[in-house]
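Enquirer: Each residue of the sequence shown is one higher than the one before, starting from 314 at the first, in our numbering.
Submitted below is the structure of interest, expressed as structure tokens.
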Amino acid sequence: MTPVLLDSLLGWLADRYTLWFGLIVSLIGLWAVFVDCRRLEQLNFVKEAKFYRALGIIYGIGGIGVAVLLLIIG
């Protein structure tokens, strides 16, 4: 990626998303890991719980990453 393209892409992200977006996505990921996965395991859906836990971790890390990126840009 050229620096101009990267700069325009980061500017586009900063214009459209806010810090709250990153925090909400992180909270959704944490909710999936700590609440929904336990409920799925109680209902004996172990494979689904493992997949959902991985997805929740991805959401949590991604949301924190977006929030930090927006703090750096803004």
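Positions of the beta carbon are idealized from the N, C-alpha and C atoms, including for glycine.
Predicted, not measured: the structure shown is a model, and the values here were computed from it.
Indicate whether F334 and V381 have their beta-carbon atoms separated by less than 9 Å.
Expert: As a working mapping, residue 334 is identified with position 21 in the sequence shown. As a working mapping, residue 381 is identified with position 68 in the sequence shown. Result no, Cβ atoms of F334 and V381 do not sit closer than 9 Å.
Enquirer: Are the beta-carbon atoms belonging to G375 and G324 less than 9 Å from one another?
Expert: Translated into the one-based positions of the sequence shown, residue 375 becomes position 62. Translated into the one-based positions of the sequence shown, residue 324 becomes position 11. Taking 9 Å as the Cβ cut-off, G375 and G324 do not qualify as a contacting pair.
Enquirer: Can you have a look at R329 and say buried or exposed, based on whether 16 or more other CB atoms are within 10 angstroms of its CB?
Expert: As a first step, residue 329 is located in the sequence shown; it is residue number 16 there, counting from the start. Exposed is the call here.
Enquirer: Which residues bound the alpha helix (DSSP H) around Y330?
Expert: Position 17 of the sequence shown, counted from the start, is the residue given in the question as residue 330. No alpha helix (DSSP H) contains Y330, which DSSP labels as neither H nor E.
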